[in-house]
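> Respectively, the protein sequence lines represent chains A and B.
In case it helps, UniProt numbering puts the first sequence at residues 1 to 193.
In case it helps, UniProt numbering puts the second sequence at residues 1 to 193.
Beta carbons: idealized from backbone N, C-alpha and C, even for Gly.
My questions all concern the structure below.
There are 2 protein chains.
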Amino acid sequence: MINIIEDLEIGELEETNYIKPIKVKFTLNGVKKTWEAVRSHDSVAILLYNVEKKAFLLVKQFRIPVYLNDKSIKYTYELCAGLVDKNKSIEEIAVEEIDEECGYKVKIEDLKKITSFFTNVGVSGAKQHLFFTIVNDSQKIHNGGGINDEQIELFFLDENKIDDLLFDESKAKTPGLMFSLYWFLKNKDKLGL
Amino acid sequence: MINIIEDLEIGELEETNYIKPIKVKFTLNGVKKTWEAVRSHDSVAILLYNVEKKAFLLVKQFRIPVYLNDKSIKYTYELCAGLVDKNKSIEEIAVEEIDEECGYKVKIEDLKKITSFFTNVGVSGAKQHLFFTIVNDSQKIHNGGGINDEQIELFFLDENKIDDLLFDESKAKTPGLMFSLYWFLKNKDKLGL
């Protein structure tokens, strides 16, 4: 994945559609406090394991907030994921994201919920629901890559190369991805894999 | 930990000290884009293992962004952690946070860097540096709990109770904590524990 970034401009955030910055005042155990926060959507993320390739299907994506922090990072390694921003169940959204981003057809009943967690407790407080699903090549229905110019690239991570990715700090990744890969290793036998 | 929350008010975020909402415009591979983001600080987090108690020392903390998302969550389970917001090395900041939050005296050379990751790639792009350290009871120098009204409570997680915490979705936690606990399980023998 080669990403060419040009014409970068950073301005004030006035009207917002996706995130909402807020100032919160409250009293905690009798002590008055204020906090700067951002409201954002919850999300779903799915670890996809291609049983024929013995590899995980991850997505590579340009993330402007990460790039602004470290200009050497032209893409991040992530789980297939999406926002819970429509009136559908988290399972329905997970299945849609697997289709849109990865091009695989998965049934809701083939999703296994792993657990959930809060990805940014200090700022956004958004929750992520984590799923696992096994796919095979016959479920591939199109190339994936996301919709609306998402510019997502697919990446197969060999199941024997997990630590090569996790401990290479030049490769930006999320802790949810990291946890899910170690969950897989711990549960591989139980999953019959 | 009982947290009583009163007088909750949510207002516009006008002047900010901790986070900076921004609107970013850029061209990615020839396609013009805009993105709503927040600049915030990188952080350090430390998994502390008390070798005498055979337990991890975690912190319980009230997090207003999480509470706004789900009013049933009065505290989160987290790693000892702190912002990289001063002119010190990440190792120096880690040692300070272990002292302030947990009340243990740890030497920089006893910190083991695990890896790093990006905790919120879509909004803040902040990086977290993850460390591990082994402590014993003789290193306990005070009660901990944080400074400036941080109201942090310490919590020992028995090393045999990891999955009880990770898969209880009523207990809010971060994916960095979850990954670090599974990293410990995978490396326990190598660490001589």
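Note down, in chain order, each residue of its chain lying with its Cβ closer than 8 Å to the Cβ of ALA126 of chain A, except the 5 sequence neighbours on either side.
Only SER40, HIS41, ASP42, SER43, PHE118, THR119, ASN120 meet the Cβ criterion.
> Going straight from the alpha carbon of LYS74 of chain A to that of ALA172 of chain A, what length do you get?
Rounded to the nearest angstrom, the two C-alpha atoms are 9 Å apart.
> Pick out the complete beta strand (DSSP E) segments inside the region 125-185 of chain B, 3 residues or longer, and give them in chain order.
Runs of the beta strand (DSSP E) inside the region 125-185 of chain B: 127-135, 153-158.
> Return helix, strand or coil for ASP189 of chain A, following the three-state DSSP convention.
Three-state DSSP puts ASP189 of chain A in coil, outside helix and strand.
> Distance cutoff 8 Å, beta carbons only. Does VAL135 of chain A sit that close to anything in chain B?
It does not: the Cβ of VAL135 of chain A has no partner Cβ on chain B nearer than 8 Å.
> Distance, Cα to Cα, TYR104 of chain B vs ILE19 of chain A?
Looking at the two C-alpha atoms, the distance is approximately 38 Å.
> Expressed to the nearest angstrom, what Euclidean distance is found between the alpha-carbon atoms of ASP110 of chain A and TYR49 of chain A?
The straight-line gap from Cα to Cα measures roughly 12 Å.
> If we ignore side chains and look at the alpha-carbon of each, how far apart do GLU78 of chain B and ARG63 of chain B end up?
When rounded, the distance between both Cα atoms is 11 Å.
> Which whole-angstrom value is the C-beta distance of GLY11 of chain B and ILE22 of chain A, which I expect to be below 8 Å?
Confirmed, about 7 Å.
> Identify, in the order they occur along the chain, each residue of the same chain with its Cβ nearer than 6 Å to the Cβ of VAL38 of chain B, setting aside the five sequence neighbours on each side.
Excluding residues within five positions, the ones whose Cβ falls inside 6 Å are ILE19, PRO21, VAL123, SER124.
> Report the three-state DSSP secondary structure of ASP70 of chain A (helix, strand or coil).
Of the three classes helix, strand and coil, the one that applies to ASP70 of chain A here is coil, per DSSP.
> Using a Cβ distance threshold of 8 Å, determine whether the region 91-103 of chain B contacts the region 129-147 of chain B, with at least three qualifying pairs required.
Touching, yes, given that three or more Cβ pairs across the two stretches are closer than 8 Å.
> Please check the pair PHE56 of chain A and MET178 of chain B, which I expect to be a contact at CB under 8 Å, by giving their CB distance rounded to whole angstroms.
With a Cβ gap of about 17 Å, PHE56 of chain A and MET178 of chain B do not count as contacting.
> When the distance is taken between beta carbons, is THR34 of chain B closer than 8 Å to VAL24 of chain B?
Contact flag set, yes.
> Given this structure, state the Cα-to-Cα distance separating ASN29 of chain B from SER72 of chain A, to the nearest angstrom.
If I take the Cα positions, the gap works out to 16 Å.
> Exposed or buried, LEU165 of chain A, counting other C-beta atoms within 10 Å across all chains shown (16 or more means buried)?
By the 10 Å Cβ count, LEU165 of chain A comes out buried.
> Classify GLU14 of chain A: buried if its beta carbon has 16 or more other beta carbons within 10 angstroms, exposed otherwise.
With fewer than 16 other Cβ atoms within 10 Å, it is exposed.
> Would you verify that the beta carbon of ALA94 of chain B is, or is not, closer than 8 Å to some beta carbon of chain A?
No, ALA94 of chain B does not count as interfacial toward chain A.
> Rounded to whole angstroms, what's the CA-CA distance from GLU92 of chain A to SER116 of chain A? Just pull it up for me.
When rounded, the distance between both Cα atoms is 16 Å.
> Using three-state DSSP, classify VAL95 of chain B as helix, strand or coil.
Three-state result, VAL95 of chain B: helix.
> Round the Cβ separation of PHE26 of chain B and ASP7 of chain A to the nearest angstrom and send it over; I've been treating them as touching at under 8 Å.
About 6 Å separates the two Cβ atoms, so the contact holds.
> Tell me which residues share the same chain as VAL31 of chain A and place their Cβ nearer than 6 Å to its Cβ, disregarding the 5 neighbours each side in the sequence.
Excluding sequence neighbours, VAL31 of chain A sits near nothing in its chain.
> Based on Cα-Cα distance, which residue from A:ASP168, A:SER170, A:VAL106 lies nearest to ASN136 of chain A?
Closest option to ASN136 of chain A, Cα to Cα, is A:VAL106.
> Among A:ASP168, A:ASN160, A:GLU169, A:THR174, which one has its Cα closest to the Cα of PHE184 of chain A?
Per the Cα distances, A:ASN160.
> Chain B partners of LEU157 of chain A, CB-CB under 9 Å?
Those within 9 Å of LEU157 of chain A in chain B number zero; the least Cβ separation is about 15 Å.
> Which chain A residues sit within Cβ distance under 8 Å of VAL59 of chain B?
The contacting residues do not exist; VAL59 of chain B stays about 11 Å from chain A at best.
> At a CB-CB cut-off below 7 Å, which residues of chain D make contact with TYR18 of chain A?
Going by chain labels, chain D is absent from the structure shown, which instead holds the protein chains A and B.
> Against PHE184 of chain A, what residues of chain B qualify as contacts under a CB-to-CB distance less than 7 Å, listed in chain order?
Chain B residues near PHE184 of chain A: none, gap ~10 Å exceeds 7 Å.
> On the DSSP bridge assignment, give the partners of TYR49 of chain A in chain order.
Note: TYR49 of chain A sits in a beta bridge opposite A:PHE56, A:ILE134.
> Answer yes or no: do ILE108 of chain B and LEU130 of chain B have a C-beta to C-beta separation smaller than 8 Å?
Cβ distance not < 8 Å, so ILE108 of chain B and LEU130 of chain B don't count as in contact.
> Given a limit of 8 Å on CB to CB distance, which residues of the region 4-28 of chain B reach chain A?
Cβ contacts with chain A: ILE4, ILE5, GLU6, ASP7, LEU8, GLU9, ILE10, GLY11, GLU12, LEU13, GLU14, THR16, ASN17, TYR18, ILE19, PRO21, ILE22, LYS23, VAL24, LYS25, PHE26, THR27, LEU28.
> List, in chain order, every chain B residue whose beta-carbon is nearer than 7 Å to that of ASP149 of chain A.
Going along chain B in sequence order, the residues near ASP149 of chain A (Cβ under 7 Å) are VAL31.
> Residues of chain A with a CB under 8 Å from the CB of LYS173 of chain B: which are they?
Residues of chain A passing the Cβ test: PHE117, PHE118.
> So is PHE56 of chain A in contact with chain B if we call contact Cβ pairs under 8 Å?
Output row for PHE56 of chain A: interface = no.
> Give the C-beta separation of ILE152 of chain A and VAL51 of chain A to the nearest angstrom, bearing in mind that I take them to be a contact with Cβ-Cβ under 8 Å.
About 22 Å; that fails the 8 Å criterion.
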